[in-house]
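**Student:**
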Amino acid sequence: MLFGKKQEITNTETTVYARAKINLTLDVTGKREDGYHTVKMVMQSVALHDEVRVTVTHGEKKPRGIVVRCNLPYLPVDERNLAYRAAELFYESTGILLETCEIHIEKRIPVAAGLAGGSADAAAVLRALASLHAAGLTDEELCAMGLKLGADVPFCLRGGTMLAEGIGEELSALPDMPHCWVVLCKPPFAVSTKEVYQAIDAVDIRQRPDTAGMLKALDRGDFAGVCRRLSNVMELVTAAKRRQIGEIKEFLAENGANGTLMSGSGPTVYGLFSDEGRAKTAAKMLGRRFADTFLTETV
Ligand SMILES: C[C@@](CO)(OP(=O)(O)O)[C@H](O)COP(=O)(O)OP(=O)(O)OC[C@H]1O[C@@H](n2ccc(N)nc2=O)[C@H](O)[C@@H]1O
Ligand SMILES: Nc1ncnc2c1ncn2[C@@H]1O[C@H](COP(=O)(O)OP(=O)(O)O)[C@@H](O)[C@H]1O
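Okay, so the sequence shown: first residue is 1 according to UniProt numbering, each after it adds one.
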């Protein structure tokens, strides 16, 4: 008789920090036949993160499937969400039985900002599921899975300071960037990465980042050398259209930033500061004009 028999319920849950990234250099070096561009860029993780809580439930009377929830009401929570797609891909490619997989995203990284927020969430879901299901996947296998979701996902899986080549997936670990404070400021418009890549084809790029010099500066732990070499060819597209990018850079430089740049396809602009006090003051002042202003640090 089943009466009184306890139903077995197992919930397994983990929370992963999905960190934002900034580009210290970004060069577009060519275009592949499939339309993707080859790049050479130095990427850096920062402490600003989304919190991604993944719960896998077995044996409960819940419908099977993936459920995504997010504190931002305007972000889609279906297949259009990269976190959803990451979970779907994980179960498809591992063959692990999908029962109930619930993902809660506490979003803090501004959206469509050049900070790889969506890619970071996807990477966090892959890491969380690999761990919860003890899937025994190597970093290479996870990165190959991540690349199917987006060019920035492999970097988000690894984090730290990295040189990224290919379309962003060929990663080489670099010495950690000297610790500094980072003021991030996103002006109030979104940028489509795809459109910026398309627009760059028509741009005559006369001055490219000194990637070799940046690598040497990182090798020496030379913060001033890093700041002197911050460079992003995508500013030629995004900053050319929107004067606020130049204005924010100027403001940061006038208020103690050791170096400034636009991150990725934009529009977020960042300032690097060796001095915490100056970074705090600059963030406070910028925050009065731009709500999406954050004080963070390199990790
Ligand atoms: C520009 C960068 C620099 O870090 O960052 P963001 O500005 O997005 O943060 C990245 O290359 C963005 O990578 P990610 O955002 O993952 O790109 P994906 O989702 O794979 O691609 C979005 C679209 O951008 C174009 N794309 C992307 C990457 C690449 N190397 N070449 C491209 O041409 C493609 O048209 C693609 O359809
Ligand atoms: N989990 C997610 N977080 C943020 N954006 C997401 C997510 N899933 C899908 N998107 C979509 O991806 C697009 C790019 O967002 P995001 O990754 O924040 O930009 P970027 O690559 O410029 O940093 C947005 O238009 C957004 O609607």
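Even for Gly, the Cβ is constructed at its ideal location relative to N, Cα and C.
Bear in mind the structure is a predicted one, so any value in this text is a computation, not a measurement.
1) For the alpha helix (DSSP H) holding S192, just list the boundary residues, first then last.
2) Could you check if T238 belongs to the surroundings of ligand 2, using beta carbon to heavy atom distance under 8 Å?
3) May I have the straight-line CA-CA distance separating T55 from D176, to the nearest angstrom?
4) Which one or two residues does DSSP pair with T25 in a beta bridge?
5) Suppose the cutoff is 6 Å on Cβ atoms and the five residues either side in sequence are ignored; what does the same chain contact list for R242 look like?
6) Using CA atoms only, rank isn't needed, just tell me which of K62, N81, S119, T211 is closest to L98.
7) In this structure, does DSSP put E276 in helix, strand or coil?
8) Return the CA-CA distance between A253 and G136, expressed in angstroms with no decimal places.
9) Return yes when the Cβ of I103 is within less than 9 Å of the Cβ of R53, no when it is not.
10) Once the 5 residues before and after G213 are set aside, which same chain residues still bring their CB inside 6 Å of it?
11) Using a Cβ-based criterion (distance less than 8 Å to any ligand heavy atom), does S45 qualify as near ligand 2?
12) Let me know the secondary structure DSSP gives L82 once reduced to three states.
13) Per DSSP, which one or two residues make a beta bridge with I105?
14) Assess contact between the region 149-159 and the region 17-24, defined as three or more Cβ pairs (one per stretch) separated by less than 8 Å. Is contact present?
15) Give me the Cα-Cα distance between T14 and I96, rounded to the nearest whole angstrom.
16) So for F294, helix, strand or coil by DSSP?
17) With hydrogens ignored, establish whether the beta-carbon of G264 is closer than 8 Å to any heavy atom of ligand 1.
18) For L272 versus V226, is the C-beta spacing smaller than 9 Å?
19) Whose C-alpha, out of L24, D34, T12, is nearest the C-alpha of G166?
20) Considering V182, what are the terminal residues of the beta strand (DSSP E) in which it resides?
21) Decide if the region 245-263 is in contact with the region 192-199; the criterion is three or more beta carbon pairs, one per stretch, under 8 Å apart.
22) Return yes when at least one heavy atom of ligand 1 lies under 8 Å from the C-beta of S231, else no.
23) Can you find at least 3 beta carbon pairs, one from the region 262-276 and one from the region 104-119, that sit closer than 8 Å?
24) Closest by CA to D292, which one among L48, V42, T12?
25) Name the one or two DSSP bridge partners that V269 has.
26) Between the Cα of V111 and the Cα atoms of E92, A86, P188, which residue gives the shortest distance?
27) What does DSSP give as the partner residues of R19 in its beta bridges?
28) Out of H179, H133, E297, which has the shortest C-alpha to C-alpha gap to N11?
29) With respect to 8 Å, is the separation between the Cβ of D152 and the closest non-hydrogen atom of ligand 1 below this value?
**Tutor:** With the structure as the only source:
1) Annotation: S192 is outside any alpha helix (DSSP H) and is labelled neither H nor E by DSSP.
2) No.
3) Cα-Cα distance, rounded: 32 Å.
4) Paired residue(s): V42, S231.
5) Counting only Cβ-Cβ distances below 6 Å, and skipping sequence neighbours, we find nothing.
6) Residue K62 is the option with its Cα nearest to L98.
7) Three-state DSSP puts E276 in a helix.
8) Straight-line Cα distance between these residues: approximately 47 Å.
9) Yes; because the gap between Cβ atoms is below 9 Å, this pair is in contact.
10) R229.
11) Relative to the non-hydrogen atoms of ligand 2, the Cβ of S45 never comes closer than 8 Å to any of them.
12) Three-state DSSP puts L82 in a helix.
13) V52, C70.
14) Three or more Cβ pairs drawn from the region 149-159 and the region 17-24 lie within less than 8 Å of each other, which places the two stretches in contact.
15) Near 18 Å, if we compare the C-alpha coordinates of I96 and T14.
16) Under the three-state reduction of DSSP, F294 is assigned to strand.
17) Because some heavy atom of ligand 1 lies under 8 Å away, the Cβ of G264 counts as near it: yes.
18) Yes, these two residues count as a Cβ contact at 9 Å.
19) That would be D34, whose Cα lies nearest to the Cα of G166.
20) Bounds of the beta strand (DSSP E) holding V182 are 181-185.
21) No, because fewer than three Cβ pairs between the region 245-263 and the region 192-199 fall closer than 8 Å, the two stretches do not touch.
22) If you check the C-beta of S231 against ligand 1, you find no heavy atom less than 8 Å away.
23) Judged by Cβ distances under 8 Å, the region 262-276 makes contact with the region 104-119, as three or more pairs qualify.
24) For D292, the nearest C-alpha among the options comes from L48.
25) The partner list for V269 (beta bridge, DSSP) reads C185, M262.
26) Nearest Cα to V111 within the set E92, A86, P188: P188.
27) Note: R19 is bridge-paired with H49 in the DSSP secondary-structure output.
28) Selected option, being the one with the closest Cα: H133.
29) Flag set: Cβ of D152 near ligand 1.
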